[in-house]
Amino acid sequence: MTEKHYLVGTAGHVDHGKTELIRALSGIETDRLREEKQRGISIELGFAHMVLPSGRKVSIVDVPGHERFIRQMLAGASGMDIVLLVIAADEGIMPQTKEHLDILTLLEIPRGIVVLNKIDLVDEEWLDLMEEDIIEKLKNTVFENVPICRVSAVKGLGLEPLKREIDQILSEVESKKSTGPVRMPIDRVFSIQGFGTVVTGTLQSGTVILGQELAIEPGEIKAKVRSVQVHNEKVKEASAGQRVAVNLAGVDVAEVERGSVLVTPNVFPAGTILDLSLRNLPSSDKPITQRQRVRFHIGTTEVLGRIHLLNHEELTPGQEGFAQILLEEPVAVASGDRFVLRFYSPPHTIGGGKILGVADYKQKRFKENVLAQMRIKDLGDPLDLLEKEISEPRSFAELATRLQISTDDLENRITIMEESGRLEVLMEDDTRLLWGSEAARNWRERLVEVVRNYETHNPLRLGISRGELKSRLNNQWSNRRWQTVLEQGAEKNVYILKGSKVQSIDIAKMPQEIEKRLENLREKWLSLKLTPPDLIASAETLGISKNEAADYAQYLCDTGEWIHVDQYYYPHIELERAHGQLKEYLEHHGEIGVSEVRELWGTSRKYAVPLLEYFDQQKVTKRIGDKRKLY
Numbered sequence: 001m002t003e004k005h006y007l008v009g010t011a012g013h014v015d016h017g018k019t020e021l022i023r024a025l026s027g028i029e030t031d032r033l034r035e036e037k038q039r040g041i042s043i044e045l046g047f048a049h050m051v052l053p054s055g056r057k058v059s060i061v062d063v064p065g066h067e068r069f070i071r072q073m074l075a076g077a078s079g080m081d082i083v084l085l086v087i088a089a090d091e092g093i094m095p096q097t098k099e100h101l102d103i104l105t106l107l108e109i110p111r112g113i114v115v116l117n118k119i120d121l122v123d124e125e126w127l128d129l130m131e132e133d134i135i136e137k138l139k140n141t142v143f144e145n146v147p148i149c150r151v152s153a154v155k156g157l158g159l160e161p162l163k164r165e166i167d168q169i170l171s172e173v174e175s176k177k178s179t180g181p182v183r184m185p186i187d188r189v190f191s192i193q194g195f196g197t198v199v200t201g202t203l204q205s206g207t208v209i210l211g212q213e214l215a216i217e218p219g220e221i222k223a224k225v226r227s228v229q230v231h232n233e234k235v236k237e238a239s240a241g242q243r244v245a246v247n248l249a250g251v252d253v254a255e256v257e258r259g260s261v262l263v264t265p266n267v268f269p270a271g272t273i274l275d276l277s278l279r280n281l282p283s284s285d286k287p288i289t290q291r292q293r294v295r296f297h298i299g300t301t302e303v304l305g306r307i308h309l310l311n312h313e314e315l316t317p318g319q320e321g322f323a324q325i326l327l328e329e330p331v332a333v334a335s336g337d338r339f340v341l342r343f344y345s346p347p348h349t350i351g352g353g354k355i356l357g358v359a360d361y362k363q364k365r366f367k368e369n370v371l372a373q374m375r376i377k378d379l380g381d382p383l384d385l386l387e388k389e390i391s392e393p394r395s396f397a398e399l400a401t402r403l404q405i406s407t408d409d410l411e412n413r414i415t416i417m418e419e420s421g422r423l424e425v426l427m428e429d430d431t432r433l434l435w436g437s438e439a440a441r442n443w444r445e446r447l448v449e450v451v452r453n454y455e456t457h458n459p460l461r462l463g464i465s466r467g468e469l470k471s472r473l474n475n476q477w478s479n480r481r482w483q484t485v486l487e488q489g490a491e492k493n494v495y496i497l498k499g500s501k502v503q504s505i506d507i508a509k510m511p512q513e514i515e516k517r518l519e520n521l522r523e524k525w526l527s528l529k530l531t532p533p534d535l536i537a538s539a540e541t542l543g544i545s546k547n548e549a550a551d552y553a554q555y556l557c558d559t560g561e562w563i564h565v566d567q568y569y570y571p572h573i574e575l576e577r578a579h580g581q582l583k584e585y586l587e588h589h590g591e592i593g594v595s596e597v598r599e600l601w602g603t604s605r606k607y608a609v610p611l612l613e614y615f616d617q618q619k620v621t622k623r624i625g626d627k628r629k630l631y
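Under UniProt numbering, think of the first position of the sequence shown as 1, with each following residue one higher.
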């Protein structure tokens, strides 16, 4: 199973404690420059890493909060899975908090947590008022309704609940694609004597492998991977989502700069004219005008350019439109990339949007054929739109409603995707369900991860119940859909369904200590034949707790080694022996009473009566008065 990788970032006003928070969470100092340490503010990006309670490994990027270093903040936001919006409890939302919030909205980074820091500096009443104010000011923003965690990074208060909240949110984040072409916006470049050029960044797609031939864009500069590091450790390969340092051969440090992109050769085009879907921020106080000179931010780069509006004379605050940007230097991009625009002077965020593609030439304005092509690019490929909708199983009727297309058109798209292996078909009774192949694969991987984790921590349970698994996955499907999907996964041998339990294919080996205790219980109960003690009541004399005793007994029952009758547990082999003796006696004598059973089995009445009732239930015997006969 592919390991998932995550990037957690910070945002917020200067001196609200972002760097202190990361130090408290990870134990790593992210301020690297002497000036940063002297002034107590971050100037450059800082990086750290930590392991969450679930075992998830995450990289962390610490961005500067000062308005003069917003370019560095934009570079750091590239590839974030979740953002910690840090707000000081003694100051509240400040100007840079708002600008960072605008940037996160434009970059469409929807997952976040508000971290109310420095709670040790104010009283509880002030904290409650501050939290109410934050909730009010975050309405109609990307951070509306996100969790708020109260912490003191300096005092170490509230850190564990914050880690758990991060863990929970990341459990719902889809994996980045490690199978496609390599793409890593570069945020640091330096040279190490004896090794040469090193570049760092967040790997957005693909896998970087030792010895791989890659390129630096713009410029088509060929480079070979000499070594790879993740979290300061050498590795043979790095996957999408990880913070990566790559030592490159064949390229001089002077040929690379922050904003360059490390890519698979001949995949990501670089250009100076880009087609855009553009939006002016609702909070902006000025329009975006034709031929306006702006600072264009994408990935880790900043380039100057001029706006060429295609369907408006100007874009007023909150307005959207199509445009091109005519850049003074080429940039390497992909369709769908998010970008941010800032005024040339004074530099202030005014808008942003989505890259629709690299253009060969400047388009004429207000031309319907040009705008029609822009709309198609903006909406995306019809098959991609369908694939997005089937990120979870949906019926044909549900899809037709959500996509608002004809049934014939939808059927054609489904056929193409099914033939290319991009979707799976499931049957929910007589209803056809459609599910994207990659989404289904990722979902099953996550399910197996949860099952294995449960089995590791509960080795005696032989799997997790379907209901508990549904709860742990926070699954909102109907019970019928849940059962349909579970059964389909079992048919594909992804996991095993045993009654109400779900088990992994390669269930974890039993710990030696537990195996030894099980063997002792097996031997002792075999020696007792049909006169076992009450296991739960006598747990302490066996050196185990009552809960442990119940778990051991349940395990031996689940494996079929023991059978639970009344309050006692009997070895299955002993009940088989008793069954044989009882049947043989009745075949010769026709009937039997409790006293004869006691002699036959060598047991007492307290065991004999419940065992006879058990054999009645199994339809081995039937009671007639105070006697038993064969059923």
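Just so it is clear, CB atoms sit at the ideal spot from N, CA and C, and this is done for glycine as well.
Since we're looking at a predicted model, the values are computed, not measured.
- By DSSP's assignment, N442 forms no beta bridge with any residue.
- With contacts defined by Cβ atoms closer than 7 Å, R452 and S500 do not form a contacting pair.
- In the assembly as shown, Y361 is an exposed residue. Its beta-carbon has fewer than 16 other beta-carbons within 10 Å.
- The C-alpha of L530 is placed about 11 Å away from the C-alpha of V565.
- Secondary structure within the stretch 523-580: the beta strand (DSSP E) runs of 3 or more consecutive residues, fully enclosed, are 562-565 and 568-571 (chain order).
- Taking all protein chains in view, the Cβ of W525 is crowded by 16 or more other Cβ atoms within 10 Å, so the residue is classified as buried.
- One thing to note: A249 has its Cβ no nearer than 7 Å to the Cβ of V208.
- Within the same chain, L203, S205, G206, T207, V208, Q212, L214, L262, V263 and T264 come within 8 Å of V182 by CB-CB distance, once the 5 residues on both sides are set aside.
- A contact is defined here as three or more CB-CB pairs under 8 Å, and the stretch 317-327 meets this definition with respect to the stretch 283-299.
- Collapsing the DSSP output to three states places T197 in a strand.
- In the three-state reduction of the DSSP assignment, G352 falls in the strand class.
- Taking each of A223, K224 and Q242 in turn and checking the Cα distance to N232, the smallest one comes out for Q242.
- The count of Cβ pairs closer than 8 Å, one atom from the stretch 433-450 and one from the stretch 473-487, reaches three, so the stretches are in contact.
- Residue range V594 to W601 is occupied by the alpha helix (DSSP H) that includes S595, with no beta strand (DSSP E) assigned at that position.
- Within 10 angstroms of the beta-carbon of S527 lie fewer than 16 other beta-carbons, which makes it exposed.
- Residue burial annotation: D62 is buried, with at least 16 other C-beta atoms found within 10 angstroms of its C-beta.
- Here the alpha carbons of I134 and L101 stand approximately 12 Å from one another.
- The three-state secondary structure of K362, taken from DSSP, is coil.
- For the 7 Å CB-CB criterion, R56 and L129 do not form a contact.
- The C-beta separation of T19 from L84 comes to about 12 Å, leaving the pair out of contact by the 8 Å criterion.
- The alpha-carbon separation between A254 and Q96 amounts to approximately 33 Å.
- Here L304 is exposed. Its C-beta has fewer than 16 other C-beta atoms within 10 Å.
- Excluding five sequence positions before and after R164, the CB atoms of its chain that fall closer than 7 Å to its own CB belong to P53, given in chain order.
- Here the alpha carbons of W562 and H589 stand approximately 30 Å from one another.
- Unbroken beta strand (DSSP E) runs of no fewer than 3 residues, entirely contained in the stretch 467-503, are found at 495-498, following chain order.
- Per DSSP, reduced to three states, the secondary structure at D102 is helical.
- Distance check between Q229 and each of S59, H572 and A332 places S59 closest, using alpha-carbon atoms only.
- Contact holds between the stretch 107-118 and the stretch 140-156, because three or more Cβ pairs, one in each stretch, are under 8 Å apart.
- DSSP places K18 within a helical segment (H, G or I) once states are collapsed to three.
- For I169, the enclosing alpha helix (DSSP H) stretches over residues L159 to L170.
- The beta carbon of R413 is closer than 7 Å to those of P382, L383 and L386 in its chain, skipping five residues each way along the sequence.
- Leaving aside the five residues that flank M94 on each side, the residues in its chain whose CB is nearer than 7 Å to its CB run, in chain order, H13.
- Looking at L433, D15 and E428, the one whose alpha-carbon comes closest to that of E411 is L433.
- For L281, the secondary structure class from DSSP, reduced to helix, strand or coil, is coil.
- Boundaries of the beta strand (DSSP E) harbouring N117: G112 to N117, taken from the DSSP string.
- Using a Cβ distance threshold of 7 Å, A240 and A332 do not count as a contacting pair.
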